[in-house]
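J.:
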Amino acid sequence: MNMTIAILAVSFLPFFEARNKVANFVIDPPSEGASVKPTLPNLMVTETCPACEGKGELVLEEPDYGQSKGRLGPAKKTRKQCPLCNGKGKIKAFMNPSDLALQVATDRAAFAAEHQGRGEIAVGEAFVPNAKYDGLSKERLKLVEEAFGHPCKNCNWTGLEPCKKCGGKGLVKCTNSDCKGGWAVVKTTTESSVRKTGSSSNGIRSNGGMRSRSSGSRSTVRKETKINVSPCPTCGGARQLVCPECGGRRAHPCSKCKGLGTKTKGSL
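The numbering of the sequence shown is this note's numbering, which starts it at 1143 and goes up by one.
#1: With C-beta atoms as the reference, is Lys1219 less than 8 Å away from Glu1189?
#2: To the nearest angstrom, report how far apart Lys1329 and Asp1320 are at their CA atoms.
#3: State the DSSP-derived secondary structure class of Lys1398, mapped to helix, strand or coil.
#4: DSSP state of Pro1172, grouped into three classes?
#5: So, for Phe1236: in the same chain, excluding its five sequence neighbours on each side, which residues have a beta-carbon less than 7 Å away from its beta-carbon?
#6: In whole angstroms, what is the alpha-carbon distance linking Thr1146 and Asn1166?
#7: Considering just the uninterrupted stretch of the beta strand (DSSP E) at Lys1234, what are its terminal residues?
#8: Is the CB-CB distance between Cys1305 and Thr1404 below 8 Å?
#9: In three-state terms, what does DSSP make of Gly1205?
#10: How would you call Val1201, buried or exposed, if buried means at least 16 neighbouring beta carbons within 10 angstroms?
#11: Would you give the residue range spanned by the beta strand (DSSP E) that Leu1185 belongs to?
#12: Starting from Glu1303 and walking both ways along the beta strand (DSSP E), at which residues does that stretch end?
#13: Here's a check: name, in chain order, each residue in its chain whose Cβ is nearer than 6 Å to the Cβ of Leu1226, leaving out the five neighbours to either side.
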């Protein structure tokens, strides 16, 4: 397999190769002044905003919750800047955790296949030339293995762990209890008392005189419900919020290895 073909925009292949060179320095020390520094790839990516789909703005069409009863014409539409991407149409975040796991597995398999194809022998996570393997003592092999290192069990080489608050999504559901699909729907009921006065009527007394009768008055309670529908003041119509824990980045530096990606005493 040609390793250059497998190198994508985000790849762990250079990282694995650098660690392998460091491991093989145990067998063949580098020339004076030469150095190799294994560095994890930049896992921050730019993606299309999921709220506005890259448009930078939201077009909100007012839903009908009964507030428009008697109103003529089409539903009102509101245009506003997307609150999630601030009108940019793009968001920056660490790779989606599932995509990241697949990338690591793919790159590790490509790395192993390349070295196995050369006839090299695995020493822990490292590979050494076949011609030099037989002459290495157990102690030297152990040093080679330790120089390459092992993946942190918590983050598996990545140095990142998904945010627990948002489950690695970078977004959380709008916290406004009145929010329905990005719209704040508020019902207000008012009561008013209405007094009705009874009618009066005249009658004829038995002695021929007139008498007046009145049924009196009574009060009734009238209830009126008003429905107000407006873009949610919390999410701005996006229905989601940037995760308050990770700031929308989906992940944090691994708490076990402190972002190194390799097994340490604290990540055992």
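Just so it is clear, CB atoms sit at the ideal spot from N, CA and C, and this is done for glycine as well.
T.: Short version:
#1: No, the Cβ-Cβ distance between Lys1219 and Glu1189 is not below 8 Å.
#2: Rounded to the nearest whole angstrom, the C-alpha separation of Lys1329 and Asp1320 is 10 Å.
#3: Residue state, collapsed to three classes: coil.
#4: Pro1172 falls in the coil class under three-state DSSP.
#5: Short of 7 Å from the beta carbon of Phe1236, and not among the five residues preceding or following it, lie these beta carbons of its own chain, in chain order: Leu1185, Met1186, Leu1302, Arg1391, Arg1392 and Ala1393.
#6: Low confidence applies to Thr1146: its pLDDT is 38, below 50, so where it sits in the model is not reliable, and the reading given next is rough at best. C-alpha of Thr1146 to C-alpha of Asn1166: approximately 21 Å in a straight line.
#7: Here the beta strand (DSSP E) through Lys1234 covers Lys1232 to Phe1236.
#8: Thr1404 is positioned such that its CB atom lies no closer than 8 Å to that of Cys1305.
#9: It should be pointed out that residue 1205 corresponds to Pro in this sequence rather than to Gly. It is coil, neither helix nor strand.
#10: Its Cβ having fewer than 16 others within 10 Å, Val1201 is exposed.
#11: Leu1185 -> no beta strand (DSSP E), and no H or E assigned at all.
#12: DSSP places Glu1303 in the uninterrupted beta strand (DSSP E) bounded by Leu1302 to Pro1304.
#13: Cβ-Cβ distances below 6 Å link Leu1226 to Cys1191, Ala1193 and Ala1380 in the same chain, with the five nearest sequence neighbours on each side left out; the list follows chain order.
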